[in-house]
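Each residue of the sequence shown is one higher than the one before, counting from -12 in the working numbering.
Note that CB positions come from ideal geometry on N, CA and C, so glycine has one too.
Predicted, not measured: the structure shown is a model, and the values here were computed from it.
Here the structure is laid out as structure tokens; the discussion comes afterwards.
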Amino acid sequence: MRARLRSRPSLEDSTVKQLDQQVKKLGNALVDAFQLMGLFVIGGTVVWAAVHEYLQMIEQGRAGLDGILLLFIYLELGAMVGIYFKTSHLPVRFLLYIAITALTRLLAIDAKTMPDQHILVITGAIVLLVMAVATISIVRFKFPENEPR
């Protein structure tokens, strides 16, 4: 007789399960809200920094290679935030593109004053990052994802 009573779900068990589900929903909603706020802050900061850099170029009356490459970095960061908004996925390739652009900018600006070893290390890092992008692209082509984005 006692075995039968224990096998039936009690009102208390279903209430606890409902409460647990509601708490999880609230937790997920709070995490999503925090994530959206963070993305807005990052996106706004990227736009603000890009506008600031562009206004400096206008003020100087010229656009140097370092400033143009920095604008490309801001563009890539903005695109990455936009893609994350639309798909909820962070594309690793964009991070690699940003790293490649940042290292290229470093070489373009400081190559004259860098020791040869630093130039070789940075160039090797760029080649390694390009190989990583190529590998990711090949893998995505050969093994496409099943789930739609």
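Residue i, buried or exposed, once every other Cβ within 10 Å from all chains shown has been counted against 16
i	result
Thr100	exposed
Val33	buried
Leu57	buried
Leu6	exposed
Leu77	exposed
Backbone CA spacing between residue i and residue j [nearest angstrom]
i	j	result
Ile96	Gly51	10 Å
Ala86	Leu62	13 Å
Asp103	Leu116	20 Å
Val68	Val3	38 Å
Met44	Ala36	12 Å
Leu13	Gly31	27 Å
Val120	Leu83	7 Å
Leu23	Asp0	35 Å
Val114	Ala16	42 Å
Residue i - containing alpha helix (DSSP H), residue span
i	result
Gly65	52 to 74
Local conformation of residue i per DSSP, three classes
i	result
Lys99	coil
Gly14	helix
Arg136	Its pLDDT being 49, under 50, Arg136 is placed unreliably by the model, and the measurement read from it follows with that caveat. In the structure shown, Arg136 sits in coil (DSSP, three-state: anything other than H, G, I, E or B).
Leu77	coil
Arg49	coil
Assumed close pair residue i, residue j - CB separation to whole angstroms, cut-off 8 Å
i	j	result
Leu26	Phe81	Wrong, their Cβ atoms sit about 14 Å apart, outside the cutoff.
Ala89	Ile123	At roughly 18 Å, the Cβ-Cβ gap does not stay under 8 Å, so Ala89 and Ile123 are not in contact.
Ile106	Ala112	Not confirmed; about 11 Å, so no contact.
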